[in-house]
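Q:
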Amino acid sequence: MDMEEDIEEYPNIEVDPQYVTVSSVASYVSTDSADDLDWLQTSKLTGGIIKFLFDGSTEEKSHTGYYVCVGEDASVDNVAKYITKVWKKRSPDIILSVISSFTHFRKWKNQQEVEDFQNGLIQAMNSTNMWVLTNGLDGGIAKIVGDAVRFERERRFILMSRARDPYVKLHRKEDVEELPKLTVMGIVPKLQLQCVAGMEGMHDSIISLKKTGTKEAMELNGEHSHFIIMDQNTDLKELENFRLRIEERLLTPIGRGKRYRKVKMYDPSLDAGSIPENLTMITSTCTPMVGLLIQGGPLDIDHVVDLLRRKVPVLVLQGTGLGADLIAFVYFEKIHHEGDEYESFVKTELIKRMMNCYPKDFVDNELARNQCRDKILECVNLAHQENGRFLTILDINADPTGLKNLDKYILLTLFESQGSKTGSQFQEQFQSDLKLTLHWNRPDLAESQIFEKYDWTTVKITPELFDKALLKRGREKFVEIFLERETIVLHEYVNYKKLLDLFNNLDRPDFFCQVCLEGVLAKSPGMSYPVDKDFVIGKKCDLNQLLYKLTSLEGLVSSYDLSMNSTGQFVCDKLTAERKALNALIYWSVLTFNPSLTRALWKRSDQPMVMALVISMIWHTLAIKWCSRDLDIKRQLKDSAIEFGKQAVKLLNLSYQDSCLTAIASLDEKLPELNNKTTIKLAHIARNKFFIAHKSCQKWLLQRWQGNLLIREVDYGVFRLPNWFKIYMSVFFIFPMLFWITYEIKKDPEVKTPEEDEELDIDQVDNQDMIPLKIKWKRSTKGQMKYQMREMLNYGRQNLRVPLYLQFYYLWSAPITKFYLSQLLYILYLALFSYAVIIPSCGDFYIDLVVYFWTAMIWVEIIRKTIIKRKEYKEMKIFWTVIEICLIGSFLIVIGLVRIIPKFIPFIKYTTAKFVMSLGLLYFYYRLLSVFLPISPVLGPMMISFRAMMKKDFLTWLRMFLVFMIAGGITIQATLYPNYPASEEGFVMALSRAFFGMFLTKIDDLDSNDRCENFYANQTREVCYNAAASFWKRNTSQIRFQREFAECPYRSFGGYAMVIQYLVITKLILLTLLYALFSATNAKIKQESEEIWKYQVYSIIVDFETRLRLPAPFNFISYIIMLFEFIFKKLRQCMKKCCQSSCCRKKDQVDGDSVSVIKVKDSTDYSYWKICMKKLNEEEEQDEREAARLTEQSQRIEHLVTQSKLQREFNDKMTEQMSNLERQLIACSLALEQIAHKIDTIDPQARPELETVTSLHIASRQSPYPNTKIQRFPVFDKYVNWEEPYPTYDPVLYTKPVDEYRESIQSLVDPDFIEIMQRMESSSQSQEERASLLSATGYQKPLWNLSATFVINETTNIEINRVSWITKDGLPLRYELDSSNMPINPMGRTGMRGRGKLRRWGPNHCVMLVISRWKRFLSTGQNQQNFITVDGKKVLEVAVFQKKESGELSLPSGKEYGGMSLYSAVCRKFLENIFQESDAKLDPNMTEQQMIQFFEQFVEPHPGPFTGFTSGIIYKGYMDDPCNTDNAWREAEVWNIHYHVPDNLDLKIKDKEKKWKEVSSYLRLPGNQNLIVQEAARNHGAYY
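Written out as structure tokens, the structure is:
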């Protein structure tokens, strides 16, 4: 099967490297003519064998493959011929072209998907002869395919190694494993391989390639069987074109063409006009090919387009990524959104996805990108062509089982691309497609894609296809389809040769060989298979013998009838011939134990209920008798037998529900094809207790139990007469028979529904009756005695219609009468027997004679019944009956010797005779339990439970008890009586003590007496040796061996221990165990005891039917009558022999002819059972749907969970994208507002004065917050005002911890009030603990809108001013507090809560300076009036500094520093930031005037009274600062210090160019400092 086997047949290729030699590859080519070798010399093809050696492998373990090198100008026809003649390949059933790129391969994340793909691919390759084409490289999808082939090859090797089994070893290797060869071809470029050096100029040589395992190396995959290597190829596109040409050539069959058997495909009754004329016609046949796209790059997309152009269907695995997902995306978009916007949207979206899939392929190459996009669109446009779909999408995410069922989707892709054919191509396509579905075991596709396609006609299949459907495992559904659609005529198909072939070509013959041939037929092991023709030919053939041993039915299969019917020479009607053929197939499937196939064939049976019983019978017999060792097979046989037995019960129940009379009548119909057995008899043979326990069977048994009697039930008001009383009165006093009993008159039964037949309902049975199923007559509604007497008289008149002698005959012949009479006489027999036993002394001789005679008559009757049962009821077991016959016969012999003969010859004790008589009486009393009690509906089930407990539990327990009884008895005897003689009496004493210890507790001998204690005083070994050297030489005269001392018990601890352990084990453990076993068995049997009892009722009825009308001892009268009848019969036969007249002979011939007529069942009977079978199938399908609903629901739930996960991931991505989009939108909106604000600042002169400005703060809303990465909550201009509702406003909370400030100012920083309040609210501490917490955090309750002095460090007083400097309408502003008692920014929202990096909650006061002067060309005192002017206005410049934290420019300002005033602070900051002097000493409590004097000192001396220096407050209020929050903000008092005359500041300012900035629109200061500077310029009339 593997490549190595082909290599072994490969001729000696190492000897001569020339094709023309006999030992070369040419010897492997057909040499029908010399011209066949010419193409080898001109083809320019070189080839040979490659041997792959892996690291650590040897030559023996290496794998080999064929290769051929194809030149650039070589013809693909020569390649095809090479494949045919050298590789010995012919066209496969299907070709699978795996399309995937090595360079664009992405490793699958889910390893389970890889395994599913490999399993699905191997399943397809094992199903049919399929070629797989790949790129042949050791990487990507080709490697995954190679690994799958390697695993399968290893599995096959294991199977081949097991072929040594004698039951599996056949004539040919192909019969061991019918799996097709694994053919995987790789089409690769030679220049891209590392092994090209070894292939140069080689023809026949074996090339060994060492696999290094390097991932970067492009090597051949060693698991491929064949390689087509292209020479001189440097372009991948050229390679794809070459592969496409090879695939196009392989579409045309190569090698010897396929031949199809001519079959009449159309129904003869259909005329030509019934064939549709619009079906597609094709002119040539091609090899089916399917492309499989997995992932894929741009070249693979080109490959898909080329295949679709050539109308080769392609299967796309969506979910693998890259090209497959791109094509699937466009395909579904076209289906769901095709319209005007489809193309524009798809093209745009497709380009985006292409760039994500191939980021490196289309860099700076838009032309190639657009071409690839157009190819994808063309793939989708070519998906539907000529009423066929050539592009199939398999979403592996939506269908988790899709990869496992890859074979299904491959076939589905192929079939959906095919159009219906007519004419000469119809038969070929039909057989080819059906063969594929049969090999791939896809009945669903066969029904949906083939039969429904040709539903306009009746098609026929070839016998070969039906053979494969029967012989291949798992093809039962095909058999159902073939039989349901009547694609084959069974009586033409089945003959003795076909039946023999079916037995000899079994897929798994081990069961048939081991169980049937060797087990049942006792054939020789290993030599009985395959069977010869004698197995099926003849009535006494082995097949019929086999079936007879399993069913007790003869001649079930007639090879003569089957063969004659198959040739058209019918020996019966066609319906019967078809039924016989179907039954033969059913027997074949049953004997080979194929339950699924048996069920498929059984569903088509005309007698489903009967055949179900026969099938159940065969498997049950095999399981019980011939599968005792193989427990697994035994269990499977039992389960299958039970299943078919239940099917028979279901059919009977359906028939009973439809018509109870029809169901009852069907039970008694004789079946000619089954030895004229009735259905209920077959059920009894099959031991189907549930079938016989059915209502209809019980009613039938009731009728049979009563014979032709109908016992009337009359209500007398107070009491009711039982049936046994009526029977006894009618038998002994003939007159009551006229009133209580009538007789059944045979008439044609009328079909009644169960509702109309209520009087026959089993639920109306009286438990007091001896049989629970009684036909009850309707009771009278009137209770008057006069009315009852009149009714009885009318009842008697009706009985007069039956002759009196027939009434007596019916009465005494009914089984119920025989039962009551036998019961009565048997009770009298037991009473007489008991009296005979209890008579004292030797008893009464005459009574003994009567008992002896009565017993003998019982014995004779039992023998006669047993003989009749053996002849007429072979299925009944008679083993125990034979034992009973032997026991009673032995008793008669013994009782005659010990009780009768001693009357004349006394030779035995009368006590012995008494004992023997007692044993016999005991047996006959016990016999009453099994003969008469089982018929009772109450005692019968109890007897079943009793029998089960005795057979199973008690015997098991008794074996266990014997171990403890013997061990305990011997040890107790030896311990208590150490000197008791080892005699028979001693052993009896020991064992009897142990046995009776179960019931009696003997412990009086545990304590000894004085005499015995004195005896056991001396126990030395000398005493023992003095008495006796050994047991056999003991001195009996010694006192130690005298009986009086031997019976002395010995008191010891050992005696107590032995007795106590024995009593504990037996009384506490073993008895409890026995009770538990009985309880468990009773609970188990109780559920089935009623069904078992109903099943045994049949045997009881048969037993009394076979009895004589007169019970023992009066049955001798019947024997006398039978003797006279026998004599009369013999005399009549003698008279017939003496009569030699021709008239007599003619009359006999006529009589003989009349007897030979056989009644055949009407076809309507079979139609009725077909209807029942159809109902049963519908019910089972409904049950299967209900059972599968949970599985489907779980699968759907799993699918929904998977989809929900994917949807959740998609939603998360969408949410993230929406959030990003929202953030971007907010950022854009904020940016637009900032741009708008910037635009407003372009023309500063258009602004209003600073005092009237009410614009929104801007810098206070900027993100991120200074010196952090915290983003503020976005606040647009419209939402800044607190009065504007902002429901979604959720500001960020940030308060800089106190310990992050400089240590010198940490005491001046407010604590985090919000955190403290939250800790207070969440804490369950006491008031004192809360106070300590507040003191530890330095918390002091703030006084909002007030100025107060606080004591810090117990020495420093600090004034904290929390009054706002903001004015509104000329009045001071009082800011509001929020819900947490924190101040609210009066200028509006900022997007951040908390204190931020500011030091105070609420207003943070500071003094800011605008130090300005006129800008001059030269700032010297010599030229003081050289001002710079713009538009006639002087230019103002101000002093600024650059912040170290942010790098932005800012005006100098001073904040609160504890003991230093704001004016001192601003002067200090001026010195630090402008002059860069950090060690200057200033008055910490400077006032406004002192601050003015501080800056006035920098004025240069100048003439005139004017000082050249002015100062004043230009603004006091809110500062738009980036550090502001909703709860803390800056407020400033801005002073303008202006130098009208030259100053000496430049002398102290370092980097003065950076400190002085011109006031213009280009000046950028934070917040509203620009407005403040521009206000100063406006006050001075400067340019700005």
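Mapping of the sequence shown onto my numbering: position 190 corresponds to residue 491, and the numbering continues sequentially without gaps. In this text, a Cβ means the ideal position worked out from N, Cα and C, and glycines have one as well. Because the structure is a prediction, the values reported are computed rather than measured.
Might you give, ordered along the chain, the residues of its own chain that have their beta carbon closer than 6 Å to the beta carbon of Glu777, omitting 5 neighbours on each side?
A: Start at 1 with the first residue of the sequence shown, and residue 777 comes out as number 476. These residues qualify, in order along the chain: Ser897, Leu898, Ala901.
Q: What distance in whole Å lies between the Cβ atoms of Thr1668 and Asn1658, which are believed to be in contact at a cut-off of 8 Å?
A: Stepping through the sequence shown from its first residue, residue 1658 is reached at position 1357. Stepping through the sequence shown from its first residue, residue 1668 is reached at position 1367. Contact doesn't hold; Cβ gap of about 29 Å is too wide.
Q: Where do the ends of the alpha helix (DSSP H) carrying Gln419 lie?
A: Against the sequence shown, residue 419 aligns to sequence position 118. Taken as a continuous stretch (DSSP letters only), the alpha helix (DSSP H) holding Gln419 covers 412-428.
Q: So, with DSSP's three-state summary, where would you put Gln619?
A: Within the sequence shown, numbered from 1, the residue matching residue 619 stands at position 318. Strand.
Q: Tell me the rounded alpha-carbon separation between Gly487 and Glu679.
A: Counted from its first residue, the sequence shown places residue 487 at position 186. Counted from its first residue, the sequence shown places residue 679 at position 378. Distance between the alpha carbons of Gly487 and Glu679: 27 Å.
Q: Let me make sure I understand the geometry here. Which of Gln1397, Thr1257, Val377 has the alpha-carbon closest to that of Thr1238?
A: Residue 1238 sits at position 937 when you count from the first residue of the sequence shown. Residue 1238 is actually Pro in this sequence, not Thr. Taking only the C-alpha atoms, the option nearest Pro1238 is Gln1397.
Q: If you follow the beta strand (DSSP E) that Ile400 is part of, which residue opens it and which one closes it?
A: The sequence position of residue 400 within the sequence shown is 99, counting from 1. Per DSSP, Ile400 belongs to the beta strand (DSSP E) from 395-400.
Q: Please state whether DSSP places Glu1749 in a helix, a strand or coil.
A: As a working mapping, residue 1749 is identified with position 1448 in the sequence shown. If DSSP states are grouped into helix, strand and coil, Glu1749 belongs with coil.
Q: Please say whether Val1593 and Arg1562 have beta carbons closer to each other than 8 Å?
A: In the sequence shown, counting from the first residue as 1, residue 1562 sits at position 1261. In the sequence shown, counting from the first residue as 1, residue 1593 sits at position 1292. No.
Q: Residues in its own chain within less than 6 Å of Val1800 by CB, not counting five upstream and five downstream?
A: One-based indexing of the sequence shown puts residue 1800 at position 1499. Excluding positions up to five away in sequence, the list reads Gly1809, Phe1810, Asp1844.
Q: Answer yes if the stretch 408-424 comes into contact with the stretch 628-635, meaning at least three C-beta pairs across the two stretches below 8 Å, and no otherwise.
A: Result no; under three Cβ-Cβ pairs closer than 8 Å.
Q: Starting from Thr484, follow the beta strand (DSSP E) in both directions and report where the run begins and ends.
A: For this step, residue 484 is matched to residue 183 along the sequence shown. Element bounds for Thr484: 484-490.
Q: Looking at the ligand ZN, does it come within less than 7 Å of Phe1799, judged from the CB to the closest heavy atom?
A: Annotation note on the ligand ZN: not contained in the displayed structure, which lists no ligands.
Q: Pop quiz: Met1693 and Tyr1566 are said to be a contact at Cβ under 8 Å. What is the actual Cβ separation, rounded to whole angstroms?
A: By one-based count along the sequence shown, residue 1693 stands at place 1392. By one-based count along the sequence shown, residue 1566 stands at place 1265. Their Cβ separation, rounded to whole angstroms, is 6 Å, which keeps Met1693 and Tyr1566 in contact under 8 Å.
Q: Do you know how far the Cα of Glu1746 is from the Cα of Leu1557?
A: One-based indexing of the sequence shown puts residue 1557 at position 1256. One-based indexing of the sequence shown puts residue 1746 at position 1445. Spanning the two alpha carbons is a distance of roughly 25 Å.
Q: Judging by CA-CA distance, which residue of Ile1393, Leu1193, Ala1833, Asp607 is the nearest neighbour of Ser1754?
A: Looking up residue 1754 in the sequence shown gives position 1453. It is Ala1833 whose Cα lies nearest to the Cα of Ser1754.
Q: Rounded to whole angstroms, what's the CA-CA distance from Ile1873 to Ile1815? Just pull it up for me.
A: Along the sequence shown, one-based indexing puts residue 1873 at 1572. Along the sequence shown, one-based indexing puts residue 1815 at 1514. Straight-line Cα distance between these residues: approximately 8 Å.
Q: Look at the alpha carbon of Asn1686 and the alpha carbon of Arg1700, and state the distance between them as a whole number of angstroms.
A: Along the sequence shown, read from residue 1 onward, the residue named residue 1686 stands at position 1385. Along the sequence shown, read from residue 1 onward, the residue named residue 1700 stands at position 1399. Roughly 15 Å separates the two Cα atoms.
Q: Determine the contact status of Arg743 and Leu712, defining contact as a CB-CB distance below 8 Å.
A: Counting from one through the sequence shown, the residue named residue 743 turns up at place 442. Counting from one through the sequence shown, the residue named residue 712 turns up at place 411. Yes, Cβ-Cβ distance for Arg743 and Leu712 is below 8 Å.
Q: Just to confirm before moving on: does the CB-CB distance between Glu748 and Ile789 stay below 8 Å?
A: As a first step, residue 748 must be located in the sequence shown, where it is residue number 447. As a first step, residue 789 must be located in the sequence shown, where it is residue number 488. Not in contact: Glu748 and Ile789 (Cβ atoms no closer than 8 Å).
Q: What are the boundary residues of the beta strand (DSSP E) that Asp1149 is part of?
A: By one-based count along the sequence shown, residue 1149 stands at place 848. It is not in any beta strand (DSSP E) - Asp1149 instead sits in the alpha helix (DSSP H) that spans 1146-1173.
Q: Would you kindly work out how many angstroms separate the C-alpha atoms of Gly1813 and Lys1735, rounded to a whole number?
A: Position 1512 of the sequence shown, counted from the first residue, corresponds to residue 1813. Position 1434 of the sequence shown, counted from the first residue, corresponds to residue 1735. The straight-line gap from Cα to Cα measures roughly 20 Å.
Q: If you follow the beta strand (DSSP E) that Ala1833 is in, where does it begin and where does it stop?
A: Stepping through the sequence shown from its first residue, residue 1833 is reached at position 1532. Ala1833 -> beta strand (DSSP E) spans 1829-1840.
Q: Which word fits Glu453, buried or exposed, when buried means at least 16 other C-beta atoms lie within 10 angstroms of its C-beta?
A: Indexing the sequence shown from 1 puts residue 453 at position 152. Buried, by the Cβ-count rule.
Q: In angstroms with no decimal places, state the Cα-to-Cα distance between Met1090 and Arg1408.
A: On the sequence shown, residue 1090 is found 789 positions in, with the first residue counted as 1. On the sequence shown, residue 1408 is found 1107 positions in, with the first residue counted as 1. A caution first: Met1090 carries a pLDDT of 47, below 50, which makes its placement in the model unreliable, though a value can still be read off. Approximately 36 Å, taken between the alpha carbons.
Q: Considering only the beta carbon of each residue, do Thr852 and Ile986 sit closer than 8 Å?
A: Residue mapping note: residue 852 aligns to position 551 of the sequence shown, counting from 1. Residue mapping note: residue 986 aligns to position 685 of the sequence shown, counting from 1. Yes; because the gap between Cβ atoms is below 8 Å, this pair is in contact.
Q: Assuming contact is defined by CB atoms lying nearer than 8 Å, are Leu623 and Val615 in contact in what I supplied?
A: Indexing the sequence shown from 1 puts residue 623 at position 322. Indexing the sequence shown from 1 puts residue 615 at position 314. No. Outside cutoff.
Q: Since Ala964 and Leu953 should fall inside the 8 Å C-beta cutoff, what is the C-beta to C-beta distance between them, to a whole number of angstroms?
A: Translated into positions along the sequence shown, residue 964 becomes position 663. Translated into positions along the sequence shown, residue 953 becomes position 652. Indeed they touch by this definition, with Cβ atoms about 6 Å apart.
Q: Distance, Cα to Cα, Leu938 vs Asn698?
A: Position 637 of the sequence shown, counting from 1, holds the residue named residue 938. Position 397 of the sequence shown, counting from 1, holds the residue named residue 698. Between Leu938 and Asn698, the C-alpha separation is close to 41 Å.
Q: State the DSSP-derived secondary structure class of Ala335, mapped to helix, strand or coil.
A: Locating residue 335 in the sequence shown gives position 34, where the first residue counts as 1. Note that Ala335 has pLDDT 44, beneath the 50 cutoff, so the model's placement of it is unreliable and no number is given.
Q: Give the single residue among Asp931, Lys1119, Gln846, Ile1201 whose Cα lies nearest to the Cα of Arg1005.
A: Translated into positions along the sequence shown, residue 1005 becomes position 704. Nearest C-alpha to Arg1005: Lys1119.
Q: Report the option in Ala1249, Lys1170, Val591 whose CA atom is closest to the CA atom of Ile1402.
A: Taking the sequence shown and counting its residues from 1, the one referred to as residue 1402 is at position 1101. When only C-alpha atoms are compared, the closest one is Lys1170.
Q: Please report the straight-line C-alpha distance between Val249 and Gly349, rounded to a whole angstrom.
A: Summary: the structure shown does not reach residue 249, with the chain confined to residues 302 through 1885, and so no result is reported for it.
Q: Give a yes or no on whether the C-beta atoms belonging to His1881 and Leu1737 are separated by under 8 Å.
A: For the purposes of this step, residue 1881 is identified with residue 1580 of the sequence shown, where counting begins at 1. For the purposes of this step, residue 1737 is identified with residue 1436 of the sequence shown, where counting begins at 1. Cβ atoms of His1881 and Leu1737: closer than 8 Å.
Q: Since Val821 contacts Leu847 with CB under 8 Å, what's their CB separation in whole angstroms?
A: As a working mapping, residue 821 is identified with position 520 in the sequence shown. As a working mapping, residue 847 is identified with position 546 in the sequence shown. Between Leu847 and Val821 the Cβ distance is about 6 Å, and since that is below 8 Å, they are a contact.
Q: Where do the ends of the alpha helix (DSSP H) carrying Arg674 lie?
A: The residue labelled residue 674 in the question sits at position 373 within the sequence shown. Residues 667-682.
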